[in-house]
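Here the structure comes first, spelled out in structure tokens, and everything after it is commentary.
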Amino acid sequence: MGGLFEGWFGGLFDARLDLYPLLAAVLAAVTCGVLGNFLVLRRISLMGDAISHSVLPGLVVAFLITSTRSPLVMFVGAATAGVMTVVLVEFIKRFGRVEPGAAMGVVFSVLFALGVLLIERAAVRHVDLDADCVLYGQLELLSLRPEVPRQVWTLLGMCVGAFVFVGLLFKELRIAAFDPALATTQGFHAGGLHYLLMVFVAGATVASFEAVGSILVIAMLVCPAATARLLTDRLLSQIAVSVAVALASAVIGYFGATLVPGWFGFDSVNAAGSITVVSGGMLVLAIFASPSHGVIARVVRQRGLVRRVVRDDVLAALFRAGERGEAGLDGARIATMFEGLGTGEALAWLEKRAFVRRDGDRFGLTESGTERALEIVRRHRLWERYLVDEAGMPPDHVHEAAEMLEHVPVRPEAGPETDPHGRAIP
Amino acid sequence: MLHGTADLATTLLAQADPGHARAGSLGRVADEWAGVGAWIETMAFRGGYNTNTVIAGTTLLGLAAGVVGAFALLRKRSMMSDALSHATLPGIGLAFLAAGALGFSGRSLGVLLLGAAITGVLGVLCVQGILRWTRLREDAAIGIVLSVFFGAGVVVLSAIQKNAPAGAAGLDKFIYGQTAAMRVSDAVLMGAIALVAVAAAGLMLKEFALVCFNDAFARTDGWAVTLIDLLMMGLVVLVTVAGLQAVGLILVVAMLIIPAAAARFWTDRLRVLVLVSGLIGALSGYLGSVTSSMLPRKPAGAVIVLVAGGVFLMSMLAAPRRGVIAVAWRRWIVRVRMAGDHVLEAGYENLRAGRPAARLSAEELGSLARERGSPAWFRTIVRRWLKSQGMVWSADGGLVLSERGIERGRTVWRNHALWEQYLISCADIAPSHVDWAVDRVEHVLDAPMIGRLEAALRDRGVALPDGGPA
Numbered sequence: 004m005g006g007l008f009e010g011w012f013g014g015l016f017d018a019r020l021d022l023y024p025l026l027a028a029v030l031a032a033v034t035c036g037v038l039g040n041f042l043v044l045r046r047i048s049l050m051g052d053a054i055s056h057s058v059l060p061g062l063v064v065a066f067l068i069t070s071t072r073s074p075l076v077m078f079v080g081a082a083t084a085g086v087m088t089v090v091l092v093e094f095i096k097r098f099g100r101v102e103p104g105a106a107m108g109v110v111f112s113v114l115f116a117l118g119v120l121l122i123e124r125a126a127v128r129h130v131d132l133d134a135d136c137v138l139y140g141q142l143e144l145l146s147l148r149p150e151v152p153r154q155v156w157t158l159l160g161m162c163v164g165a166f167v168f169v170g171l172l173f174k175e176l177r178i179a180a181f182d183p184a185l186a187t188t189q190g191f192h193a194g195g196l197h198y199l200l201m202v203f204v205a206g207a208t209v210a211s212f213e214a215v216g217s218i219l220v221i222a223m224l225v226c227p228a229a230t231a232r233l234l235t236d237r238l239l240s241q242i243a244v245s246v247a248v249a250l251a252s253a254v255i256g257y258f259g260a261t262l263v264p265g266w267f268g269f270d271s272v273n274a275a276g277s278i279t280v281v282s283g284g285m286l287v288l289a290i291f292a293s294p295s296h297g298v299i300a301r302v303v304r305q306r307g308l309v310r311r312v313v314r315d316d317v318l319a320a321l322f323r324a325g326e327r328g329e330a331g332l333d334g335a336r337i338a339t340m341f342e343g344l345g346t347g348e349a350l351a352w353l354e355k356r357a358f359v360r361r362d363g364d365r366f367g368l369t370e371s372g373t374e375r376a377l378e379i380v381r382r383h384r385l386w387e388r389y390l391v392d393e394a395g396m397p398p399d400h401v402h403e404a405a406e407m408l409e410h411v412p413v414r415p416e417a418g419p420e421t422d423p424h425g426r427a428i429p
Numbered sequence: 104m105l106h107g108t109a110d111l112a113t114t115l116l117a118q119a120d121p122g123h124a125r126a127g128s129l130g131r132v133a134d135e136w137a138g139v140g141a142w143i144e145t146m147a148f149r150g151g152y153n154t155n156t157v158i159a160g161t162t163l164l165g166l167a168a169g170v171v172g173a174f175a176l177l178r179k180r181s182m183m184s185d186a187l188s189h190a191t192l193p194g195i196g197l198a199f200l201a202a203g204a205l206g207f208s209g210r211s212l213g214v215l216l217l218g219a220a221i222t223g224v225l226g227v228l229c230v231q232g233i234l235r236w237t238r239l240r241e242d243a244a245i246g247i248v249l250s251v252f253f254g255a256g257v258v259v260l261s262a263i264q265k266n267a268p269a270g271a272a273g274l275d276k277f278i279y280g281q282t283a284a285m286r287v288s289d290a291v292l293m294g295a296i297a298l299v300a301v302a303a304a305g306l307m308l309k310e311f312a313l314v315c316f317n318d319a320f321a322r323t324d325g326w327a328v329t330l331i332d333l334l335m336m337g338l339v340v341l342v343t344v345a346g347l348q349a350v351g352l353i354l355v356v357a358m359l360i361i362p363a364a365a366a367r368f369w370t371d372r373l374r375v376l377v378l379v380s381g382l383i384g385a386l387s388g389y390l391g392s393v394t395s396s397m398l399p400r401k402p403a404g405a406v407i408v409l410v411a412g413g414v415f416l417m418s419m420l421a422a423p424r425r426g427v428i429a430v431a432w433r434r435w436i437v438r439v440r441m442a443g444d445h446v447l448e449a450g451y452e453n454l455r456a457g458r459p460a461a462r463l464s465a466e467e468l469g470s471l472a473r474e475r476g477s478p479a480w481f482r483t484i485v486r487r488w489l490k491s492q493g494m495v496w497s498a499d500g501g502l503v504l505s506e507r508g509i510e511r512g513r514t515v516w517r518n519h520a521l522w523e524q525y526l527i528s529c530a531d532i533a534p535s536h537v538d539w540a541v542d543r544v545e546h547v548l549d550a551p552m553i554g555r556l557e558a559a560l561r562d563r564g565v566a567l568p569d570g571g572p573a
């Protein structure tokens, strides 16, 4: 097998060393990534945080009772603690009327403290349980195993389980994510589904914690889903994107943990932490560069709109000047009218497309410019008419509203002849 | 990749339980729990110099966290402090590296805490930025910041541990805290921070209250809301950073949230809330550190949080007005009273219908109970309650209303009729639909409300229901 992969990434990937840790990281990331979609949509992302803290006492108690570390026992302990967290938070919210954030904070920190205390007590009796490992995981320990390690099997089972769960109950999960009340009226128990989801989150936490640590679980429950949420508006594609992001984060983060410090001549860093950072980086990328919801796209759209509005306003001003019998306006006058909102740029654009004719310092409308300006002024005056007649606004207050509405590209057919100020509607 | 994995595995396993060595020496402590006597000794500051330092430090930290946490709770920032505390981890590592590069000692607590504060604030700013610039909600923003910053911290710490082993051990102590290592200078620091927090809360109480309860109003009223908000957040940062060493970054958030949430059960007044929250925080710090000093390995952070959690549980259950027991008791009383009212109302209706006395037969009581769906045990309780109030006495398996009972039945009947009439004539509710809405309101109408209902009906020229005996 080693020969098969030799030479990949310039010797970066060594199947003997890297196969199982990488597999564990990818499985954990994908499992959490797919479940996280429903947490982010239901605005309970922090439940993942709370559960992954509070499974600690569940694990310790399960271990202290049974004295084994078999995955099933650990799973039952963690799932119990996870569901208990949800129930306790609900209880405190409802009966104590405590704010949701505070209720969550109280529950998970007390349970976590309980877990830490139990671990400390166990350590006195020379029982090896380690709180640090719960946070960081020990991905590196999966290297150099002769056979597939138990952690990978557990994660594989959990991953398949999560996909089956989401696949079978997709319709129900979707309705419950967007409208729990509708879900209940449709005849299935939204609350029950919620608890089932929480059991899976707890399961993913416990399956992951040994290999990759709970910090990666928290990140993977939120970051890929949040990234996908910024890239798409459809649930199915959001899930697909989040899985892809989780997968990419795991692979890039895993190799980055060795590669990047290597460039500076350092030893490798913690892979779980590095995967987390990569998923955060992807989110930052989406925040800025998403074509639909990204900051850059939005700024560009806004700038475009501002430019278009200024151009429309300049055309309308020239049209009104024509109505008053003036032969065009000079550039400085236009600039003062719009207080320097980039009128020079707008005039240049209009001149280039032959909407505006330049005559020395004076600007006048061409034929196509008049046509375009006419439409804008017409919309403006129609809106004024509508606002006075139908919306009952006083005539001296409608100009500002019409000034904004005139830019909405609609093309009304016929209508009244004059605006409320007595000017003709072209 | 992963050269020297076998070596690595050994180091990791050794790291996995740093307390092992200590546990060996403490193995001599046969009785893990010291006696009550020793506990009281420690409480009275007779547990030795180091223990006293720890107790004083955690008590002051608890006080500061309680006071500051009260404002964070009202500002709905409880989980924000979670993001803040997790975001301090990379700062600790980076400060260590930066100090090393500049030739200082990276172990200086001040430098590390400064770094922690910087990335902590950066984390909070990131949460605000995500909320401002994207369509993600607060829960996702907090989850993202806390996990990514913490992950970055793990990366930095692992890089330090592997690449600059000299003097780097113990940076990860900030995750779980290391109360037992608290020195006098740390306790003094806690005292100073507590002083700052209490002084700020005292001086700025009005401004904080304004921003907490209605920031939009504060802004229109000309207050520098952003500045006040920053000051509040600054206090949270201060307490978080101070608590890092004592209880660790995961549990310091508990010291901010739990005392405030517990205090909220006891009062509706801001001044009292801040005071009680501070006291609960101080008490948790005090009792927690005293108790943990009795335990092997002295896990003070966890014990402090558990004490605070205990106080929270007690407050939630037993607080006089908002507590769960008090609320449940009030609901129960109302339920019994309402059921009693229905019985009296039925008796009065019998009297109106021309029966010689306000008497309810066993069958009538049975059908009333069926209608309301009350089980037998509840009927017994209601009957006992009515008797204890002198409203009824038993007769032939049924009930007979006393004068008082008739009077109460008449009031309830009239309230019912008034409210029903009001809904029909003033709220345009169909006569066939009013009964359900009336059933609960009839029990809670007080005299001024009845007066207003009568006035409203009189204005409309509707005849008032006649409450006299037929």
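From first to last, the protein sequence lines stand for chains C and H.
With the first sequence counted from 1, adding 3 to any position gets you this note's numbering.
With the second sequence counted from 1, adding 103 to any position gets you this note's numbering.
Positions of the beta carbon are idealized from the N, C-alpha and C atoms, including for glycine.
Can you name the residues of chain H whose CB is closer than 7 angstroms to the CB of residue i?
i      : result
C:S277 : V258
C:A229 : L239, A243, I247
C:N273 : V257, V258, S261
By the 10 Å Cβ neighbour count, where 16 or more other Cβ atoms means buried, how is residue i classified, buried or exposed?
i      : result
H:E474 : exposed
C:D316 : buried
H:V414 : buried
H:G554 : exposed
H:H445 : buried
H:M417 : exposed
H:R561 : exposed
H:F320 : exposed
C:R426 : exposed
C:N40  : buried
Alpha carbons only, please: which of the options is nearest the one belonging to residue i?
i      : options                        : result
H:V427 : C:R237, C:R97, C:A275          : C:R97
H:R374 : H:V170, H:R149, H:T154         : H:V170
C:V226 : H:R240, H:A312, H:A304, H:L359 : Note that residue 226 of chain C corresponds to Cys in the displayed sequence, not to Val. Residue H:R240 is the option with its Cα nearest to C:C226.
C:G195 : C:L176, C:A210, C:V244, C:F212 : C:L176
C:E150 : C:A324, C:T88, C:F258, C:L22   : C:L22
H:R543 : H:R440, H:V406, H:C315         : H:R440
C:G85  : C:S277, C:V209, C:G395         : C:V209
Any idea which residues DSSP pairs residue i with across the strands?
i      : result
C:G367 : C:R360
H:W602 : Look at the range of chain H in this structure, 104 to 573, and you will see that residue 602 of chain H is not part of it.
C:D21  : Beta-bridge pairing links C:D21 to no other residue.
C:T432 : There is no way to answer for residue 432 of chain C, as the model of chain C reaches only from 4 to 429.
C:L332 : C:F366
H:L463 : H:L502
What does residue i touch in chain B if you count any residue whose Cβ is under 8 angstroms from its own?
i      : result
H:W236 : As a matter of chain content, chain B is missing from the structure shown, whose protein chains are C and H.
Residues of chain C with CB under 7 angstroms from residue i, in chain order?
i      : result
H:I245 : L49
H:P459 : By Cβ distance, chain C contributes nothing, its closest Cβ being about 48 angstroms from H:P459, past 7 angstroms.
Quick one: which chain H residues come within Cβ less than 9 angstroms of residue i?
i      : result
C:A184 : Result: empty, since nearest Cβ-Cβ is about 19 angstroms, beyond 9 angstroms.
C:L233 : T237, R238, L239
Can you name the residues of chain C whose CB is closer than 8 angstroms to the CB of residue i?
i      : result
H:L308 : Those within 8 angstroms of H:L308 in chain C number zero; the least Cβ separation is about 21 angstroms.
H:N266 : P264, F269, D270
H:V251 : A222, C226, T279, V280, S282, G283, L286
H:K276 : Ordered by position in chain C, no residue passes the 8 angstroms Cβ test against H:K276, which lies about 11 angstroms from the chain.
Taking residue i as the query, report the chain C residues whose CB atoms sit under 9 angstroms from its CB, ordered along the chain.
i      : result
H:L409 : V113, A116, L117, L120
Given 8 angstroms as the limit, is there contact between the segment 410 to 421 of chain H and the segment 175 to 190 of chain H, that is, 3 or more CB pairs closer than that?
-> no
Would you call the segment 485 to 502 of chain H and the segment 525 to 533 of chain H touching, i.e. three or more CB-CB distances under 8 angstroms?
-> no
For the segment 439 to 458 of chain H against the segment 395 to 406 of chain H, are there 3 or more C-beta pairs whose distance is under 8 angstroms?
-> no
Pair every Cβ in the segment 66 to 85 of chain C with every Cβ in the segment 230 to 237 of chain C, then say whether three or more of these pairs are closer than 8 angstroms.
-> No: fewer than three Cβ pairs fall under 8 angstroms.
contact_flag[the segment 35 to 42 of chain C, the segment 218 to 232 of chain H] where n(CB pairs < 8 angstroms) is 3 or more | no
Touching by the beta-carbon criterion (3+ pairs, under 8 angstroms), the segment 328 to 336 of chain H and the segment 350 to 358 of chain H | no
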